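Enquirer:
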Amino acid sequence: MNERLFKNTSVLSKLILRRDRLRFILWILGISVLTIATAVAFPDLYRTATERQQLAETMVNPAMTAMVGQGYGLDNYTYGAMMAHQMLGMTALLVGLMNVLLVTRHTRLDEEDGRTEMIGALPVGRLSPLASSLTVMLGVNFSLALMIGWGLYATGIESLDLNGSLLYGSAIGSIGLFFAGTTALFAQLSDNSRGTVGFSIALLGIAYLIRAIGDVSNETLSWLSPFGWILGSEAYVNNYWWPIILTLGVAIALVGIALYLNVIRDLGGGFLPSKPGRSNASPFLQSPLGLAFRLQRTGFIAWVAGVFVMAASYGSVLGDTDTLIADVEMMMEFMEPVEGAALTDQFITMLMVVMAILASIPTLMMILKLKGEEKNHRTEHVYSLAVSRQKLLASYLSVSIFTSIVMLVASAIGMGSIGVVVIESDITLGTFFSSSLVYLPALWMMTSFAVLLIGWAPKYTGLTWLYLGFSFVVVYLGGLFQFPDWISSLTPFSHVPDLPVEEVNLFTLIIMTVIAIFITALGFVGYGRRDIQG
Amino acid sequence: MRVLSTKGLTKKFGQFTALNGVDLDVNKGEVFGFIGPNGAGKSTTIRVLLGILKATKGKATIFELDAWKDAVEIHKRIAYVPGDVTLWPNLTGGEVIDLFVKLRGTNHKSKREELIRKFKLDPTKKCRTYSKGNRQKVALIAAFSSEADLYILDEPTSGLDPLMERVFQECVLEAKQDGKSILLSSHILSEVERLCDRVGIIREGEIIESGTLDELRHLTRTQLQVETSKPIANLSNIDGVHNIEKQERSVTFQVDSEKLEDVIKHISMFGVTKLESSPPTLEDLFMRHYEGDDRTLKPGDGGKS
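Line by line, the protein sequences are chains G and U.
Taking full-length UniProt numbering, the leading residue of the first sequence gets 1, the next gets one more, and so forth.
Taking full-length UniProt numbering, the leading residue of the second sequence gets 1, the next gets one more, and so forth.
1) Could you please give the first and the last residue of the uninterrupted alpha helix (DSSP H) stretch that includes U/Lys-42?
2) For U/Gly-33 versus U/Lys-176, is the C-beta spacing smaller than 8 Å?
3) According to a CB-to-CB cut-off of less than 9 Å, which residues of the region 376 to 393 of chain G neighbour chain U?
4) Would G/Ser-200 count as contacting chain U if we go by Cβ distances under 8 Å?
5) Does the beta carbon of G/Ile-532 come closer than 8 Å to any beta carbon on chain U?
6) Out of curiosity, what's the CA-to-CA distance linking G/Asn-8 and G/Ala-131?
7) Taking just the CA atoms, how far does G/Thr-491 sit from G/Phe-470?
8) Can you tell me where the alpha helix (DSSP H) with U/Lys-125 in it begins and where it stops?
9) Check each candidate in G/Arg-108, G/Gly-249, G/Thr-135 and G/Thr-78 and name the one with the smallest Cα separation from G/Asn-262.
10) Quick one, which of G/Ile-245, G/Ala-258 and G/Leu-22 has its alpha-carbon nearest G/Gly-270's?
11) Does chain G have any CB closer than 8 Å to the CB of U/Tyr-151?
12) For U/Gly-94, which residues in chain G fall below 8 Å Cβ to Cβ?
13) Are the beta-carbon atoms of G/Ala-92 and G/Ile-175 separated by less than 8 Å?
14) Rounded to the nearest angstrom, what separates G/Ser-193 and G/Val-216 at their Cα positions?
15) Over what stretch of residues does the alpha helix (DSSP H) that includes U/Ile-152 continue unbroken?
16) Return no unless some Cβ of chain G is closer than 8 Å to the Cβ of U/Gly-105.
17) So U/Ile-264 is in the alpha helix (DSSP H); what residue range does that whole segment cover?
18) In whole angstroms, what is the alpha-carbon distance linking U/Val-85 and U/Lys-132?
19) Report the neighbours of U/Lys-76 on chain G: residues whose CB is nearer than 8 Å to its CB, in chain order.
20) Where does the unbroken beta strand (DSSP E) through U/Glu-191 begin, and where does it stop?
21) For G/Ile-357, which residues in the same chain have their Cβ closer than 8 Å to its Cβ, ignoring the five residues on either side in sequence?
22) Can you tell me the Cα-Cα spacing of U/Asp-214 and U/Leu-195, whole angstroms?
23) Would you verify that the beta carbon of G/Gly-286 is, or is not, closer than 8 Å to some beta carbon of chain U?
24) Is DSSP giving U/Glu-209 helix, strand or coil here?
25) Evaluate U/Pro-162 with the Cβ neighbour count: other Cβ atoms within 10 Å of its Cβ, from every protein chain shown; 16 or more gives buried, anything less gives exposed.
26) Closer than 8 Å by C-beta to U/Arg-262: which residues in its own chain qualify, once you throw out the five before and the five after it? Chain order, please.
27) Can you pull the DSSP bridge partners for U/Lys-12?
28) Please report whether the beta-carbon of U/Leu-50 lies at a distance below 8 Å from any beta-carbon of chain A.
29) On the three-state DSSP scale, how would you describe G/Val-255?
30) Shorter than 8 Å from the beta carbon of G/Leu-291 to some beta carbon of chain U?
31) Who are the neighbours of G/Leu-295 on chain U, taking C-beta pairs under 9 Å?
32) Could you name the residues of the same chain whose beta carbon sits closer than 6 Å to that of G/Tyr-79, not counting the 5 residues immediately before and after it, in chain order?
33) Decide yes or no for the touch test of the region 439 to 447 of chain G against the region 344 to 351 of chain G: beta carbon pairs closer than 8 Å, at least 3 of them.
34) Count the other CB atoms within 10 Å of the CB of G/Thr-431; is the residue buried (16 or more) or exposed (fewer)?
35) By the three-class DSSP mapping on this structure, what secondary structure does G/Thr-491 have?
36) Note the first and the last residue of the continuous alpha helix (DSSP H) segment covering G/Thr-135.
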């Protein structure tokens, strides 16, 4: 029995570890460091019990509760209670995402690419590929739980005791395994990797949403979501272990169902019917522009939603700006107060630049897609048709510019529609629009940089991301690090007038746009002259 | 009339010379076979012809237009099928066909449906679910539903089953009857033999042979199997006889085509009871150029050895 189903599972597990050891290490380290660094930062940010108690009061509003959870131990807001309130839910969401991506990669994606078939032709058990992926994920989540648990305890911060820290780590590890299980299940149900990721992330989002609605309105509802379970462990406050056992139990059940379905199905098959697609292309698709947009439609929609939600959550804290910032010395260092400007306005400018950098990501993805298409030998088809280099590049550029506008509009509406409600002064939605859209020339300069690289140095298009990362560090942490002016001036984002604190400087914006157009034109020249790689 | 022509076409990738002075001509209404092993430069030549790569030296023209500068104008009248068809995983086969046909500019609606039926393709499936052969069908249907004057086909049948390969051959011959020209790169030599009027052989970036199949055969050897009443004396000393293999009663050997007459005269003295001759296949031709550089001729030497 075991021979037939599980032979060579351990060898396959080692293969997975060998293939993705760096990926696993980066995920585990990244999440652990994020958690521990936050814990270490808390005592500097909130030095006294009074400061912590003030924070607890600002945290109790529906927007915050929806975002991070209802929180426990709010009347005695220790550093531990703060971690479990502000960090645990968000980290769990991230760990869920990690499990969705990793499990899909080692189950349905391997099957889709034909690797599972080759493995299956060797003397391995029928369940070995799936079982080996899940074994590895058990190890990954377990390591993560231990790293976080012991790491938090090792900080030596008061109230981060051993039992609470291990419970915090276990909460993260157990919800990781829960989503490893759901993804393994969807990998059996759907017959392709996009579907597996799609369904799993949808479930992840719905589970978080149920918890959010439940926490705000009806607590029983929260207990329908695994996020409600692990937050209900009340780590560092009451330290209940049973919700962790519940989560693990459900995870094991999910894995059991996934294994069963894996045995009874055919390789390459799924249980959800794949509905036939269109047999003819819509008129919209039949142009290079339509193609460029259609290929990225799903990503585009997801980014609009993501930017909107992010902006809305920023908007929800705007009402508490004064208490949030004035009480916290470190925040003042971030912001460098400007004479005569309201703190709220200043806070908006800081949030706007963060949103603009976030909006740059999809904007750049849309243009860099052309490079990916080339690498995958798909531009070759298009260029064998009556399509010029200029036309195809211009199509991707148009999608990118369109994206930049939509993202900044989404950001303005997201932050503004909630901001105007929670802020007590008479700020209007128009202020949010102008503060957001003023970053358009900066986004276009980023795009032009990408076009330049696509035209002249397609191997180095990755530099675009480095440049964006640099920009983020300069504008977001610039106040903290005190960079010399010439370094700050290297990123387009630092030249954008800080609305609504500063005046609109049309001249600067026009110059930026002209530079963007010039660099883009240069990129077009290069693209028209070089060999297409694929 | 020349439809496609290259003169001294050279393409270098850094230090590596992929094409070294390729001369190629395809005439109107003919099927030109472009053969050579992997890495010889077939696909590079085709990509230069498509204006995807820029030639380092030399000229490439299609319809008397420059392949690089006038690429878009040229592409309105050509159809291309690559050997390794990669498609967009989230579009259906039908959508890709429509997109290709539309971007080329010409449309043949009825042809599309007919070809989908002939090639037995399900156009409602997403491309990610297609096998290699099905992806090739998508590209072939898109190519043959276009009103092109020149078809550039780069190993288009490597994933097709024998039935579908026959459908493909019908499509090529039909296009030829309509006066279209076809550049067919392939290493399925039987296919080239059946379809092509003229053939060019490329090796290491140089065209080492080109002409009609008959012309090429003249340059090569005929296989003879002879049974004689008396053993043939001195066979190995005759000029132009190669690869002698003696069986129990018969002897098999190859003869350079231009020496055939001398050889026949010689063997007729020994009382021929049975004589079988077979023409060299394209495969023999091809193999002679590629089997061990030491053994065979240098490029351009033809059949003399």
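For each residue, glycine too, the CB sits at the ideal point set by N, CA and C.
Here the structure is a predicted model, which is why all the values come from computation and not from measurement.
Expert: Here's the rundown:
1) Note, U/Lys-42: alpha helix (DSSP H), 42 to 49.
2) no
3) Hits within the stretch, in order: Asn-376, His-377, Arg-378, Thr-379, Glu-380, His-381, Val-382, Tyr-383, Ser-384, Leu-385, Ala-386, Val-387, Ser-388, Arg-389 and Lys-391.
4) Taking a beta-carbon distance threshold of 8 Å, G/Ser-200 does not count as an interface residue toward chain U.
5) yes
6) 10 Å
7) 8 Å
8) Premise fails: U/Lys-125 is in no alpha helix (DSSP H) and is neither H nor E.
9) G/Arg-108
10) G/Ala-258
11) For U/Tyr-151, the answer is no, since every Cβ of chain G falls outside 8 Å of its Cβ.
12) Gly-277, Arg-278, Ser-279, Asn-280 and Ala-281
13) Yes, Cβ-Cβ distance for G/Ala-92 and G/Ile-175 is below 8 Å.
14) 35 Å
15) Here U/Ile-152 belongs to no alpha helix (DSSP H); instead the beta strand (DSSP E) covers 150 to 154.
16) U/Gly-105 has a beta carbon lying within less than 8 Å of a beta carbon in chain G.
17) 260 to 267
18) 7 Å
19) Ala-386
20) Taken as a continuous stretch (DSSP letters only), U/Glu-191 belongs to no beta strand (DSSP E), being part of the alpha helix (DSSP H) at 189 to 195.
21) Leu-468, Ser-471, Phe-472, Val-475, Tyr-476 and Phe-493
22) C-alpha of U/Asp-214 to C-alpha of U/Leu-195: approximately 14 Å in a straight line.
23) For the record, residue 286 of chain G in the displayed sequence is Gln; it is not Gly. Nearest CB-CB separation between G/Gln-286 and chain U: below the 8 Å threshold.
24) U/Glu-209 falls in the strand class under three-state DSSP.
25) Burial call: exposed.
26) Checking the displayed sequence, the identity of residue 262 of chain U turns out to be Asp instead of Arg. Around U/Asp-262: Ile-238, Asp-239 and Gly-240.
27) U/Thr-17
28) This model lacks chain A altogether, as its protein chains are G and U.
29) helix
30) yes
31) Simply Trp-88, Asn-90 and Leu-91.
32) Phe-42, Ile-157 and Ser-159
33) no
34) buried
35) coil
36) In this chain, the alpha helix (DSSP H) harbouring G/Thr-135 covers 128 to 154.
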